[in-house]
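The block underneath contains the structure these notes are about, expressed in structure tokens.
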Amino acid sequence: MKVHIGFAIFAFLTLAAAVAEAQPKSNSIEAGHQIATRWCSHCHLVGPEQMRATDAVPTFAAIANKPTTTASSLRAFLQAPHWASRMPDLHLSRTEINDVAAYILSLRKPSH
Ligand code: HEC
């Protein structure tokens, strides 16, 4: 029996891509943390490791623990233009917005 090597490689790569796609999005929290450190930490306190930020700006932990904060409220806020706010427009991609939202929500204190 002869298996076409090109087809075998194609089949393997397709399968590998499908498996990668199906992974739970746990690295999006890490990606979101990196985006937050890079783009948001000038103003927001984005995590416990950060020593300084602007005290007039809500910390990401405070945002995460507001009862009105959800993944979709964060996405809506980050997609909307902020012409009436002191928060700049950061022009994040959809993936970046999802990652940052996942990161912010990961800071939510467990309710008990
Ligand atoms: C130049 C300073 C600055 C930067 C940079 C900045 N923010 Fe903000 N952000 C603010 C301010 C100020 C507010 C408070 C809202 C207001 O005053 O209108 C705010 C509010 C928010 C809120 C809403 C908080 C609430 O009360 O619901 C979210 C969410 C948020 N920022 C996320 C981010 C994310 C994510 C980034 C990085 C991608 C970022 N911000 C970068 C200044 C900034």
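Mapping the sequence shown onto my numbering, position 68 (from 1) lands on 237, and the numbers just tick up by one. Even for Gly, the Cβ is constructed at its ideal location relative to N, Cα and C.
| Item | Value |
| --- | --- |
| Distance CB(I287)-CB(T239) smaller than 8 angstroms | Residue numbering for the chain in the displayed model covers 170 to 281; residue 287 lies beyond these limits and cannot be assessed. |
| Test item: CB-CB of V269 and L276 under 8 angstroms | no |
| Segment limits, alpha helix (DSSP H) that includes E265 | R263 to S275 |
| Heavy atom of ligand 1 within 7 angstroms of T239 beta-carbon | no |
| Distance, L274 Cα to D224 Cα | 21 angstroms |
| Pairwise C-alpha distance: N234 and K278 | 7 angstroms |
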